[in-house]
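Peer 1: Here it is, the structure, as C-alpha cells.
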Amino acid sequence: MSDKGEKILIGKVTKAFGIFGEAKIENYSGFADGFELLEDVFLDDEKFVLEEVKHRGRMTMLKFRGCDTRNDAEKLVGRKIYMTEDELRKLPDDEFYVRDLIGMDVFCRGEKIGRVKDVLTDRPQDLYVISLIGGDEAMIPAVKEFIKSVDIKTGKIDVELIEGMI
Numbered sequence: 797m798s799d800k801g802e803k804i805l806i807g808k809v810t811k812a813f814g815i816f817g818e819a820k821i822e823n824y825s826g827f828a829d830g831f832e833l834l835e836d837v838f839l840d841d842e843k844f845v846l847e848e849v850k851h852r853g854r855m856t857m858l859k860f861r862g863c864d865t866r867n868d869a870e871k872l873v874g875r876k877i878y879m880t881e882d883e884l885r886k887l888p889d890d891e892f893y894v895r896d897l898i899g900m901d902v903f904c905r906g907e908k909i910g911r912v913k914d915v916l917t918d919r920p921q922d923l924y925v926i927s928l929i930g931g932d933e934a935m936i937p938a939v940k941e942f943i944k945s946v947d948i949k950t951g952k953i954d955v956e957l958i959e960g961m962i
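This is the structure we're talking about:
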C-alpha cells in the first residue's frame, strides 16, 4: 500500500481475540473478503502490515505484524482502520461505493426530488436514504426497478418511483 491518496475508513478494531495478538474487527468495507487483498492498513495514522485475515461466520479477525500477544491486541481496541484510495478495487459498472453516492442529486421524471444522505447496506438489498426537498426523508431500494441510472461524473441519480413511495 502506498501512503498516497485519501484515507478511506474500512473498519474498527473492536476487541482482542485469543492469546496470539489477533484483533476482532467491525468491517465497514462492504466486502466480506475486503481485507484479504490488502498487505497493510492504517490504524488511525499508524501503518500496520497485515499478517493474516481469518473469518469465523460473520466475524473477521486480523493479525498485525508485531502484535503477538493479547495485550498487544488490546492496545489497538477502538482504533479505526483505513486504506488508501489507490487501493480501491474496481467495481462492475452497475455497482458503486457508498462514499461516491452520498451527496448525489436524485431526480424523478426530470425533477430534482432530493439528495442521497446515506446508503443502508446491512439489509438483503441496499436502501438509498434520500433527504427530500422540503425536509422529509425517503428510502428507495437500490434495485433496477427504481434506480434507472447513476452518473457518478455528473452527480445525478435518476429514479422511477411508484405512488406512495415518497
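Residue numbering for the sequence shown follows the working numbering, starting at 797 and increasing by one per position. Even for Gly, the Cβ is constructed at its ideal location relative to N, Cα and C.
Compute the Euclidean distance between the alpha carbons of residue 798 and residue 959, then round it to the nearest angstrom.
Peer 2: Per-residue confidence for residue 798 stands at a pLDDT of 48, beneath the threshold of 50, marking its modelled position as unreliable; no derived number is given.
Peer 1: Suppose contacts are defined by Cβ-Cβ distances below 8 Å. Is residue 991 in contact with residue 929 by that definition?
Peer 2: Residue 991 cannot be examined here, being either before or after the span of the chain that is shown, 797 to 962.
Peer 1: Within the same chain, show all residues whose beta-carbon is closer than 6 Å to that of residue 857, passing over the 5 residues directly before and after it, in chain order.
Peer 2: Cβ within range, chain order: 813, 818, 820 and 850.
Peer 1: If we call anything under 8 Å between Cβ atoms a contact, is residue 926 one with residue 939?
Peer 2: Not a contact, by the Cβ cut-off of 8 Å.
Peer 1: Along the chain, where does the alpha helix (DSSP H) that runs through residue 869 open and close?
Peer 2: From DSSP, the alpha helix (DSSP H) with residue 869 extends over 866-870.
Peer 1: Would you call the CB atoms of residue 953 and residue 895 closer than 8 Å?
Peer 2: No, the pair does not count as a contact, with Cβ atoms beyond the cut-off.
Peer 1: How many Å lie between residue 815 and residue 863 at the Cα?
Peer 2: Residue 815 and residue 863: Cα-Cα distance of roughly 10 Å.
Peer 1: Whole angstroms is fine: what's the gap from residue 944's alpha carbon to residue 887's?
Peer 2: Those two C-alpha atoms are separated by around 18 Å.
Peer 1: Three-state secondary structure (DSSP) at residue 839?
Peer 2: Reduced to three states, the DSSP call for residue 839 is strand.
Peer 1: By Cβ distance, which residues of its chain are closer than 8 Å to residue 893, with the 5 residues on each side in sequence left out?
Peer 2: Closer than 8 Å at Cβ, skipping near neighbours: 826, 884 and 887.
Peer 1: DSSP has residue 954 in a bridge; who is on the other side?
Peer 2: In the DSSP output, where bridge partners are listed per residue, residue 954 has 903 and 945.
Peer 1: Is it buried or exposed, residue 872, if we count other Cβ atoms within 10 angstroms and call 16 or more buried?
Peer 2: When all chains shown are included, residue 872 counts as buried.
Peer 1: State the start and end residues of the unbroken beta strand (DSSP E) segment that holds residue 858.
Peer 2: Per DSSP, residue 858 belongs to the beta strand (DSSP E) from 855-860.
Peer 1: What does the alpha-carbon distance come out to for the pair residue 837 and residue 935?
Peer 2: Computed Cα separation, rounded: 33 Å.
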